[in-house]
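Residue numbers (our numbering), protein chains in the order written: chain A, 1003 to 1310; chain B, 9 to 107. What follows is a short report on a single structure.
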């Protein structure tokens, strides 16, 4: 049962999906669960919608985790977020206000095929598991496959590379399904958050160019407030800024696509650490990493309820 | 063992090129052998004074180490046995579960 679910260990896809069904079954007033499509290998792409059911118009926040299969702390955070949102709804006034005034769309594992592969075969697999017509190599980098400056700087057109952009934009069913959902709900989704690892950074557009976004002041202050809230948990510093200068230039990213699709607050988190464990962040660090990130995401979400 | 012990002896190097010449040398070196780049995601993104984390298969660790030392490129080993770290990350629990 959900009360026995251990949020401080990494879970396989089966365990995560069983947990989603159980969360959906036990919280009928705050949770809805649906599939937005199927992966390349035919697995459902489940999303949890969190928030108090109301007839009135509500803004929404989208959070996806597990775009890159080997970044296991991502799915762990999405599960943690759901747990915190539901468990603290009664006694945390901030969370209650967020859940009453916003909807949260949580996609715990974006790249389901790759995630399974990283559990069963190659722990450091990154891409999807799609087949290529001409090469033996498999997979596309799901964060280079979006229709925004597709396959330009920072992406590779070679199918064997880890940053392969794919045969065409949205070639990956997983990318196409999320893009379709966000296009359909673009009027209500006001924040897009994608959880990655590792580098301890909070990034915002643009990735594909060095220009400054039009609403820079609002996004910059939201990012500063978020990393300050994160720091208040355990004193861990996250760098923040435009992805192109803070990390590196990359084209075809989900964050840039979401921003160009009209979502005013688009972020990518690079969670712990900065390179002691890398992708092998121990389970003992799931709690502090998710606790501090929770504060940052709550801060971003609260900012949506104010005018900038 | 998890993953059939395929990562036994593999290592993760943290390399920091300190000038453009070292960047080019590193790109060449990493381009000639199959490595798994952790940071940045591709060799084309390697730049001056930015750390490069790379997963090196056990058969290649000695060769890479020798080349980096020969080129005087600063590096350290941040994971000395990948299989052990993988086992640490979740191994005990799943082996307990298997038992």
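We put the CB at the ideal spot given by N, CA and C, even for glycine.
Chain-ordered chain B contacts of residue i [CB-CB under 8 Å]
{"i": "residue 1077(A)", "result": "In chain order: nothing, as chain B lies at least about 13 Å away."}
Beta carbon proximity, residue i to chain B, threshold 9 Å
{"i": "residue 1323(A)", "result": "A query on residue 1323(A) cannot be resolved here, the shown segment of chain A reaching from 1003 to 1310 and no further."}
{"i": "residue 1283(A)", "result": "yes"}
{"i": "residue 1246(A)", "result": "no"}
{"i": "residue 1280(A)", "result": "yes"}
Neighbouring residues, chain A, relative to residue i (Cβ below 9 Å)
{"i": "residue 88(B)", "result": "In chain order: nothing, as chain A lies at least about 12 Å away."}
{"i": "residue 59(B)", "result": "1276, 1277"}
{"i": "residue 93(B)", "result": "1279, 1280, 1282, 1284"}
{"i": "residue 11(B)", "result": "1122, 1123, 1124, 1125"}
Contacts of residue i in chain B (Cβ-Cβ under 7 Å)
{"i": "residue 1156(A)", "result": "53"}
{"i": "residue 1165(A)", "result": "49, 50"}
Listed by chain order, chain B residues near residue i by CB distance under 9 Å
{"i": "residue 1243(A)", "result": "Within 9 Å Cβ-Cβ: nothing; residue 1243(A) doesn't reach chain B, min ~15 Å."}
{"i": "residue 1201(A)", "result": "47"}
{"i": "residue 1250(A)", "result": "48, 49, 53, 55, 58"}
Residue-chain proximity (residue i, chain A), Cβ-Cβ < 9 Å
{"i": "residue 82(B)", "result": "no"}
{"i": "residue 107(B)", "result": "Residue confidence is low: residue 107(B) scores 37 on pLDDT, short of 50, so the model does not pin down where it sits. No coordinate-derived value is stated."}
DSSP bridge partner residues for residue i (one or two, in chain order)
{"i": "residue 1046(A)", "result": "1040(A)"}
{"i": "residue 24(B)", "result": "82(B)"}
{"i": "residue 1243(A)", "result": "1205(A)"}
{"i": "residue 19(B)", "result": "64(B)"}
{"i": "residue 1107(A)", "result": "1051(A), 1064(A)"}
{"i": "residue 47(B)", "result": "61(B)"}
Contacts around residue i, its chain only, beta-carbon distance under 6 Å, and the 5 residues preceding and following it disregarded
{"i": "residue 1146(A)", "result": "1157, 1165, 1167, 1254"}
{"i": "residue 1139(A)", "result": "1161, 1162"}
{"i": "residue 60(B)", "result": "23, 54"}
{"i": "residue 103(B)", "result": "Note that residue 103(B) scores a pLDDT of 46, beneath 50, so its modelled location is shaky; the value from the coordinates is reported in the next line. Closer than 6 Å at the Cβ level, and outside the excluded window around residue 103(B), lies no residue."}
{"i": "residue 1086(A)", "result": "1296"}
{"i": "residue 44(B)", "result": "63"}
Under 8 Å by beta carbon: chain A residues contacting residue i
{"i": "residue 22(B)", "result": "1277"}
Cβ shell of residue i (< 7 Å), same chain only, five flanking positions each side left out
{"i": "residue 88(B)", "result": "19"}
Contacting residues, own chain, Cβ-Cβ under 8 Å from residue i (five flanking each side not counted)
{"i": "residue 1035(A)", "result": "1022, 1023, 1025, 1026, 1048, 1049, 1050, 1051"}
{"i": "residue 1173(A)", "result": "1132, 1142, 1147"}
{"i": "residue 1018(A)", "result": "1077, 1081, 1110, 1111"}
{"i": "residue 32(B)", "result": "none"}
The segment 1177–1196 of chain A contacting the segment 1061–1070 of chain A, beta-carbon criterion three pairs below 8 Å: yes
Chain-ordered residues of the segment 1127–1149 of chain A with a beta carbon less than 7 Å from chain D: Although the question refers to chain D, the structure presented lacks it and instead comprises the protein chains A and B.
Segment contact, 8 Å Cβ cut-off, at least three pairs: the segment 1033–1044 of chain A with the segment 1111–1124 of chain A: yes
Contact between the segment 1087–1094 of chain A and the segment 1209–1222 of chain A (3+ Cβ pairs under 8 Å): no
Segment contact flag, the segment 1195–1210 of chain A with the segment 1231–1251 of chain A, C-beta cutoff 8 Å, min 3 pairs: yes
At least 3 beta-carbon pairs within less than 8 Å: the segment 1197–1206 of chain A vs the segment 1074–1086 of chain A: yes
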